[in-house]
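Input: a single structure, listed below in structure tokens.
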Amino acid sequence: MDPPVAADPESAELLDNESCLVCYEDLIRDIAVAYQAKEQGGWAVSKFCIDCIKQLLSSQFHRYIKSLETTTCAREQRALLDRGPPVNISDRIGFPLADTDEVYMLYELGSNKLLSPRLDGSVTGEERERLWEELKKFRFTNDSEE
2 MDPPVAADPE
12 SAELLDNESC
22 LVCYEDLIRD
32 IAVAYQAKEQ
42 GGWAVSKFCI
52 DCIKQLLSSQ
62 FHRYIKSLET
72 TTCAREQRAL
82 LDRGPPVNIS
92 DRIGFPLADT
102 DEVYMLYELG
112 SNKLLSPRLD
122 GSVTGEERER
132 LWEELKKFRF
142 TNDSEE
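One point on numbering: in the numbering used here, the residue at position 53 of the sequence shown is 54, and numbering is uninterrupted.
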């Protein structure tokens, strides 16, 4: 079931008795985060608290690179390379309206401030394209699609 959607982040509805799906802290306004899945889309409350979202922001891009460097599975490598280097935070559980897409914008409900969804270490534009092409060079040899 999709979460309730509001026209602006301040109106995003916190549901009763919800907790962060990572650390299980009660999701109260002080630690809740609203997100916008698409530029012109509505706002919903994330299933993750601000601390867990900040942890994802600081680690998700680096985990992507580490996964590419360490995988021994051709299927996993193919999926990572096909998706390309992430730019913004994404998690289908924490941000259900975005599903598997990247989140467009974040908003800290406790401090009433926008929070960039951009991942630490991520790159955009031509720099992202160059990185993506460089990463593709390491595709396993004899990798045939199943």
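We put the CB at the ideal spot given by N, CA and C, even for glycine.
| Query | Result |
| --- | --- |
| Among Glu128, Val104, Arg129, Phe62, nearest to proline 118 - alpha-carbon criterion | Val104 |
| Validate contact between the region 107-115 and the region 21-40 using beta carbons, cut 8 angstroms, 3 pairs | yes |
| Cβ-based burial, tyrosine 36 [other Cβ within 10 Å; buried from 16] | buried |
| Cβ contact check for the region 127-145 and the region 76-94: 3 or more pairs under 8 angstroms | yes |
| Chain-order list of residues whose beta-carbon lies under 8 angstroms from that of asparagine 89 (same chain, five-residue window excluded) | Glu103, Val104, Tyr105, Pro118, Arg119, Leu120, Ser123 |
| Backbone secondary structure at arginine 119 - three-state DSSP | strand |
| At least three beta-carbon pairs within less than 8 angstroms, the region 93-101 to the region 38-47 | yes |
| Spatial neighbours of lysine 137 in its chain, beta-carbon cut-off 7 angstroms, leaving aside the 5 residues before and after | Leu82 |
| Start-to-end residues for the beta strand (DSSP E) that takes in glutamine 37 | 34-37 |
| Residues sharing a beta bridge with valine 46, DSSP | Ala35 |
| N-terminal and C-terminal residue of the beta strand (DSSP E) that leucine 98 is part of | Careful: leucine 98 lies outside any beta strand (DSSP E) and carries neither H nor E. |
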